[in-house]
Amino acid sequence: MTESDTDVTYEVHGPERHDVPAAGRSGFVVIDDRQVHYLEWGAAGAPAVIALHGGGQTAYMFEEIGRELRSTHHVIAPDLPGHGESEALSHDPRDFSRQTLAATLPGLLAEFGIEHASFIGASLGGILSLTLAAADPAKVNAIALIDVGHRLEEAGVRRIVEFMGKHESFGSLAEAAEAVAEFNPDRPKADPERLRRNLRQRPDGRWTWKHNLGAVSAERIKEVKWEDDILAGLGDDAAKITVPVLVLRGQKSDVLSSDGAEEVAALLPNGRLVEVHNAGHLAAGDNPESTVSLIRGFLNEIEGNN
């Protein structure tokens, strides 16, 4: 089954979803007996790009990037395990590591007949991109790393975790939009209807985020040690990665400091650092135009299209 728009033809994998992203499509695949939801732009056979979102987010964060790259690339953005519409790896939301999550990615590539791809990784998605590149380098052509490194600022990370723990549910989509605006006051207020794609409504009518990290936020907020739980060994992995890596730091980020960004770029044998102006940790949403432009230029350069 195929469907087309004015630019490209898509091969459909799994049932269609009503929440189709701009100029793309949405579907499901089953990988290792686990349902995985994904968004897709561009035509199969074009240079493949796998876009991995951050913790607590969904694939919809890449809607602008996917739309802008669709004429030249085949972009696939999965919901990571336990996020969005993708099933978790286990019933315990604390039962995950970067190695376990990254180990799900080769199955995604195989499902779409992709031997290797370039990766765009935001925050947790960037950590997983680095982890895969170190463990299975033949599968990774290049990485655009969005505001993440082997050393993160504890205060910035904790601010995100506290937000997730404080706002476990909302009485309405408008209330959710207000909470997001309070968390990120420099960004235009989110459209409540657009937020619907990142929330699910419970039987009692309240809305909750589409991820299974709530228990992590509520139960472990005081004892989480990010260096041990998520980042342990990431610097060593980064030093092994020889493919081109573009480190994108949000100029206003409180999660990846200037020093932290310079350190990870220096660790990477083929890394370079650029800043996304007028953007914080969520650079792809804060300044999508600049983020897309930098990523497109990077991909064109490594693919010899400039």
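Throughout, the working numbering is defined as the position within the sequence shown, counted from one, plus 993.
Just so it is clear, CB atoms sit at the ideal spot from N, CA and C, and this is done for glycine as well.
Bear in mind that the values here come from a model prediction, so they are computed numbers and not experimental data.
Taking C-alpha atoms, which residue in the options lies nearest to residue i?
| i | options | result |
| --- | --- | --- |
| Pro1074 | Val1236, Thr1093, Thr1201 and Ile1120 | Thr1093 |
| Pro1130 | Ala1231, Glu1155 and Glu1104 | Ala1231 |
| Asn1177 | Gly1228, Lys1245, Ile1058 and Asn1263 | Lys1245 |
| Asp993 | Gly1048, Ala1259, His1274 and Ile1120 | One cannot answer for residue 993 here, as it falls past the ends of the chain, which runs 994 to 1299. |
| Arg1018 | Leu1188, Asp1252, Ser1251 and Pro1071 | Pro1071 |
| Trp1200 | Glu1175, His1160 and Asp1229 | His1160 |
| His1066 | Gly1049, Ser1251, Ala1037 and Ala1259 | Ala1037 |
| Gln1050 | Ala1174, Ala1183, Ser1116 and Asp1279 | Ser1116 |
How would you call residue i, buried or exposed, if buried means at least 16 neighbouring beta carbons within 10 angstroms?
| i | result |
| --- | --- |
| Arg1091 | buried |
| Asn1191 | buried |
| His1270 | exposed |
| Asn1134 | buried |
| Ala1211 | Residue confidence for Ala1211 is low, a pLDDT of 47 falling below 50, so the modelled location carries little weight; the figure read from the coordinates is stated next. Exposed, since its Cβ has fewer than 16 Cβ neighbours within 10 Å. |
| Thr1097 | buried |
| Pro1196 | exposed |
| Lys1203 | buried |
| Thr1235 | exposed |
| Arg1193 | exposed |
| Val1013 | exposed |
What is the DSSP secondary structure of residue i, reduced to helix, strand or coil?
| i | result |
| --- | --- |
| Glu1033 | strand |
| Glu1161 | coil |
| Gly1007 | The pLDDT assigned to Gly1007 is 44, lower than 50, so where the model puts this residue is not dependable; a value taken from the coordinates is nonetheless given after this. The answer is coil: DSSP assigns Gly1007 none of H, G, I, E or B. |
| Arg1144 | coil |
| Ala1115 | strand |
| Glu1296 | helix |
| Ala1070 | strand |
| Thr1201 | strand |
| Ala1095 | helix |
| Thr1002 | The pLDDT assigned to Thr1002 is 35, lower than 50, so where the model puts this residue is not dependable, and the model offers no usable value. |
| Phe1291 | helix |
| Phe1021 | strand |
| Val1013 | coil |
| Ile1234 | coil |
| Gly1077 | coil |
| Leu1045 | strand |
| Val1257 | helix |
Could you check how far apart the C-beta atoms of residue i and residue j are, in whole angstroms? I think they sit under 8 Å.
| i | j | result |
| --- | --- | --- |
| Leu1239 | Leu1138 | 7 Å |
| Glu1255 | Leu1266 | 6 Å |
| Glu1056 | Val1285 | Their Cβ separation, rounded to whole angstroms, is 11 Å, which puts Glu1056 and Val1285 out of contact at 8 Å. |
| Glu1108 | Ile1069 | Not quite, the Cβ-Cβ distance comes to about 14 Å (not below 8 Å), so this is no contact. |
| Glu1146 | Val1248 | 6 Å |
| Ile1288 | Ile1120 | With 8 Å as the limit, Ile1288 and Ile1120 do not qualify as a contact, their Cβ atoms being about 18 Å apart. |
The region 1062-1081 in contact with the region 1022-1039 per 3-pair CB rule at 8 Å | yes
- Item | Given 8 Å, three or more beta-carbon pairs between the region 1041-1053 and the region 1164-1181 | no
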